[in-house]
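In the numbering used here, the protein residues as written are 19 to 660.
No residue lacks a Cβ here, since even glycine has one placed at the ideal position from N, Cα and C.
Take a look at the structure set out below.
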């Protein structure tokens, strides 16, 4: 959920739902149903922090929201350049929303580069708040402005608010005693204060956050709070902002419960902790830092009190090797990574398939190939997760659909791994990982029971009557083998990647046994119990749009637009990608046209065509950004018309 800021009179995505005057001479307050705001500046201007704080206060106010952080791959990109622009988009509303919004109604541009990089996304009539102090000849020339866009008429189609943010911040902090350079860094808090006034956001949480964040530097904390308050007061007193806006809480959008704002990576980390508690197993994470998965490692390292152990390995291979060892030892084992790391982990994933041990492989997908676009999103690892290992090495694949859904997807991946004794891929992506939305905190009784029974003693009687332990004697329902904790008397058995004999687990080169074991491992994955696919089809449509992962929000928003205009279209979204739901083939054959939007070149569509012989139509995008609802709606209308 995001926020959209634009002049109500010319707003394209929001609706003016009321207007009031507070008192004679006071400023107008107009009520909107939703707003989209984008903060943009240098990667060192604190745009992510500014957007995060505005989001947190918006969540506490009760709006529905969706966010889209967008930042350079470089740790500190060249200042004032187009590649160095960092932005944060927030869409918030008084009703249920699904995406960060297609186009911002308000752009806060901290410098010429931020303006030039983002102006193309703004609809005519949108508001632009510009830090005029940064529009020097040198700064403008660096991004190709021959003349000042603030003076040459190129912005005449927008509502431009020139604000000397740096000067005003320095004036507010002139008594702070801080060096000029340190004082200038607080200009993002001035901008946050101004926007908080414009949209009636709470302020107490931000001030509390700043005191805590800079607790060891009270002078910095005081300066940021002073700048924040100065921005609020500027909005209240300046004549340039004659109107402020209200977006009411989304009172009817959420079921009753306790909510908090949460990002996908944080939800995933919490889901892993919940899974370990519900399984009554210690949680072990073996990982190597990689964008955009590192936040999971950072978060889990804070929760030793829940029995979580994190190991930051020297490389990707060591990370998964340690995790697989922890699985052998009886832990709920996890390794986190992104696409390049999956390539390095592939041999050990194959070993986990052979050993038939529970292991969660969390892949936060990003733009590729190779290093690719580390901070941009993509869905291009599906075929890698399905087939990126030597030999026949089937692995279940689960994909969350929203940031909050990452919590439930983690629990589901853990269920499959523990019940069926198999590694499981959890495919999130950068859009979900860094984006955020409200999340209803579940009650304990709502969480699944994931407890497992370890092997306790002999499980087989030989022909001569001896009782022995067979490590590959399977559960007849799940085909899972026993999970034997090392050191348990009588449960000694061989491990390793060489093929095992069915039942005994002894090394075997017998062709018939290998054929049987390969087919059994495949049958185990094929037989995993997953729910049937739900189809949203209220009008008997002939066209179905099928999605997976983070395309859920844009697809659903596009479907809503089409239905609002009278079009008939059905929607279904896959969480389980291996195995597919058992009714998927029947669902697909029930429609004349099937459209599959993906942030890749058609990987799910390829699987659908191969397995079900359905002529699925691909709708593809690989530009590092999520789909826009308007863009998808246009593509889906074409499919309906055809």
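So which of the options has the shortest CA-CA distance to residue i?
i, options, result
"residue 595", "117, 214 and 543", "543"
"residue 300", "292, 285 and 382", "292"
"residue 188", "199, 180, 179 and 63", "199"
"residue 353", "373, 174 and 377", "377"
"residue 435", "399, 411, 236 and 379", "379"
"residue 229", "244, 219, 216 and 46", "244"
"residue 623", "367, 370, 98 and 563", "563"
"residue 173", "148, 269, 264 and 656", "148"
"residue 95", "345, 355, 556 and 59", "59"
"residue 365", "312, 56, 648 and 407", "407"
"residue 190", "251, 153, 176 and 151", "251"
"residue 248", "637, 480, 211 and 259", "211"
What does the Cβ neighbour count give for residue i, buried or exposed, with the cut at 16 atoms within 10 Å?
i, result
"residue 621", "buried"
"residue 443", "buried"
"residue 123", "buried"
"residue 449", "buried"
"residue 605", "buried"
"residue 619", "exposed"
"residue 107", "buried"
"residue 589", "buried"
"residue 405", "exposed"
"residue 371", "buried"
"residue 612", "buried"
"residue 669", "Since the displayed the chain opens at 19 and closes at 660, residue 669 lies outside it and no answer follows."
"residue 273", "exposed"
"residue 101", "exposed"
"residue 381", "buried"
"residue 641", "exposed"
"residue 298", "exposed"
Look up residue i in the DSSP assignment and give the residues it is bridged to.
i, result
"residue 518", "525"
"residue 350", "301"
"residue 117", "DSSP output for residue 117 lists no bridge partner at all."
"residue 447", "383"
"residue 109", "54 and 84"
"residue 415", "443 and 596"
"residue 458", "277"
"residue 60", "103"
"residue 485", "479"
Starting from residue i and walking both ways along the beta strand (DSSP E), at which residues does that stretch end?
i, result
"residue 87", "82-88"
"residue 589", "588-592"
"residue 136", "Residue 136 -> not in any beta strand (DSSP E); alpha helix (DSSP H) instead, spanning 130-136."
"residue 566", "561-566"
"residue 177", "177-181"
"residue 329", "326-330"
"residue 511", "That residue, residue 511, is in no beta strand (DSSP E); it is neither H nor E in DSSP."
"residue 147", "145-149"
"residue 264", "261-265"
"residue 615", "611-616"
"residue 477", "Counting along the chain, residue 477 falls outside any beta strand (DSSP E), and DSSP gives it neither H nor E."
Since residue i is in the alpha helix (DSSP H), which residue starts that stretch and which ends it?
i, result
"residue 621", "621-630"
"residue 367", "357-373"
"residue 281", "It is not in any alpha helix (DSSP H) - residue 281 instead sits in the beta strand (DSSP E) that spans 277-281."
"residue 605", "602-607"
"residue 214", "205-216"
"residue 316", "312-318"
"residue 641", "Element bounds for residue 641: n/a, residue is neither H nor E."
"residue 400", "400-405"
Taking 7 Å as the cut-off, does the CB of residue i come closer than this to any heavy atom belonging to the ligand NAD?
i, result
"residue 209", "For the ligand NAD, the structure offers nothing, since it holds no ligand at all."
Does the beta carbon of residue i sit closer than 8 Å to a beta carbon anywhere in chain D?
i, result
"residue 601", "Note that chain D does not occur in the displayed structure, where there is just one protein chain."
Any contact between the stretch 276-283 and the stretch 446-464? By contact I mean 3 or more CB pairs, one from each, below 8 Å. With the cut-off at 8 Å, the stretch 276-283 and the stretch 446-464 touch.
Touch test, the stretch 138-157 against the stretch 64-83, Cβ-Cβ under 8 Å, three pairs minimum: No: the two stretches stay apart, fewer than three of their Cβ pairs being nearer than 8 Å.
Is the stretch 527-536 touching the stretch 568-576 in the sense that three or more CB pairs, one from each, lie closer than 8 Å? Contact between the stretch 568-576 and the stretch 527-536 is absent: fewer than 3 CB-CB pairs across the two stretches fall below 8 Å.
Taking contact to mean 3 or more Cβ pairs, one atom from each stretch, closer than 8 Å, check whether the stretch 323-337 and the stretch 459-468 are in contact. Too few Cβ pairs lie closer than 8 Å, so no.
The stretch 303-314 contacting the stretch 335-344, beta-carbon criterion three pairs below 8 Å: Inter-segment contact for the stretch 303-314 and the stretch 335-344 is present: three or more beta-carbon pairs are separated by less than 8 Å.
Inter-stretch contact at 8 Å, needing at least 3 Cβ pairs: the stretch 65-76 / the stretch 213-224: Between the stretch 65-76 and the stretch 213-224 there are three or more inter-stretch CB-CB distances shorter than 8 Å, so the stretches are counted as touching.
Meets three-Cβ-pair contact criterion under 8 Å: the stretch 312-323 and the stretch 259-276: In short, these stretches do not touch, since the Cβ pair count stays below three.
I'd like to know if the stretch 44-58 and the stretch 121-137 are in contact, where contact means that at least 3 CB-CB pairs between them fall below 8 Å. The stretch 44-58 is in contact with the stretch 121-137.
The stretch 472-488 in contact with the stretch 505-514 per 3-pair CB rule at 8 Å: Yes: the two stretches touch, three or more of their Cβ pairs being nearer than 8 Å.
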